[in-house]
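Participant:
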Amino acid sequence: NAGVMQNPRHLVRRRGQEARLRCSPVKGHSHVYWYRQLPEEGLKFMVYLQKENIIDESGMPKERFSAEFPKEGPSILRIQQVVRGDSAAYFCASSPPNSPLHFGNGTRLTVT
Amino acid sequence: QKEVEQDPGPLSVPEGAIVSLNCTYSNSAFQYFMWYRQYSRKGPELLMYTYSSGNKEDGRFTAQVDKSSKYISLFIRDSQPSDSATYLCAMRKGAGNTPLVFGKGTRLSVIA
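Residue numbers (my numbering), protein chains in the order written: chain A, 99 to 210; chain B, 58 to 169.
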């Protein structure tokens with residue numbers, strides 16, 4: 099019974115490149131959340147999606163960041179033209195309706 | 058004032074001690090309260106999930122919620138070195154799948 103799967107675990111990008119982070123939710127979970135964690139900081143909400151719909155993107159930067167959760171396949175968090183300040187751990191979580199979140203082990207993005 | 062305040066520690070205790078971890082919050086709309094444990098370079102793992110005021114016990118862990126004081130606690134009895142981790146409080150407003158708001162986390166070390 100696999101949990102939330104995120105890949106890659108580590109991602110290194112040069113400034114200006116694109117980063118794509120993938121998340122496969124727990125089988126049967128229809129809600130996906132993306133959070134960002136900086137060193138010594140808590141988890142900051144970015145975006146909440148259901149299949150093919152963005153429900154709440156109030157925590158997502160207005161530029162360069164986008165997220166999708168297609169009908170088939172994993173959820174993708176995409177960061178265009180990365181900058182050093184984007185270096186962080188990005189966590190995906192999933193849940194059934196009205197239930198707590200289950201987190202993956204994150205993708206650690208380093209921008210050089 | 059931040060929505061959720063949590064002392065980051067670090068907190069160091071001897072093996073077998075009772076540990077008390079706490080969070081305060083400012084928004085009375087929070088109804089559901091959670092505690093997550095996060096080991097280094099891993100994703101948060103759900104420990105306790107409570108609704109509104111009261112106590113909930115699960116093995117060595119007890120969660121308390123005092124909505125009148127906007128204060129939640131996690132107690133760990135007979136602490137073990139394997140409990141050494143960062144503990145994150147989290148809460149959400151109302152039912153449904155509204156995003157969780159996290160505290161910064163308290164780093165706990167249990168010394169053998």
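Where a beta carbon is used, it is the ideal one built from N, C-alpha and C, also for glycine.
Going by DSSP, what residues sit across from A/V50 in a beta bridge?
Facilitator: Nothing about residue 50 of chain A can be reported from this structure: the residues present for chain A run from 99 to 210 only.
Participant: So, under 8 Å CB-CB, A/T205 and A/R107 are touching, yes? Tell me the CB distance rounded to an integer number of Å.
Facilitator: 6 Å between Cβ atoms; contact.
Participant: Output, in chain order, the set of chain A residues within a Cβ distance shorter than 9 Å of B/L103.
Facilitator: The contacting residues are P198, L199, H200, F201.
Participant: Kindly say whether A/F189, judged by its beta-carbon, lies nearer than 7 Å to any beta-carbon of chain B.
Facilitator: Yes, A/F189 counts as interfacial toward chain B.
Participant: Is it buried or exposed for B/S83, if we count other Cβ within 10 angstroms and need 16 for buried?
Facilitator: Classification of B/S83: exposed, given that the 10 Å Cβ count is below 16.
Participant: Is the Cβ-Cβ distance between B/S141 and B/V167 less than 7 Å?
Facilitator: Closer than 7 Å, so yes.
Participant: In terms of alpha-carbon separation, which member of A/G114, A/L141, A/I177 lies closest to A/E161?
Facilitator: Considering only alpha carbons, the answer is A/I177.
Participant: At 9 Å on the CB atoms, spell out the chain A contacts of B/M91, in chain order.
Facilitator: Correct list: P198, L199.
Participant: Output the distance between the C-alpha atoms of B/L104 and A/G183, rounded to the nearest integer angstrom.
Facilitator: Cα to Cα, B/L104 sits roughly 31 Å from A/G183.
Participant: Applying a beta-carbon distance threshold of less than 8 Å, which residues of chain A neighbour B/K161?
Facilitator: Simply E138, E139, G140.
Participant: For a contact meaning CB atoms closer than 9 Å, what does A/F143 contact in chain B?
Facilitator: Going along chain B in sequence order, the residues near A/F143 (Cβ under 9 Å) are P156, L157, V158, F159.
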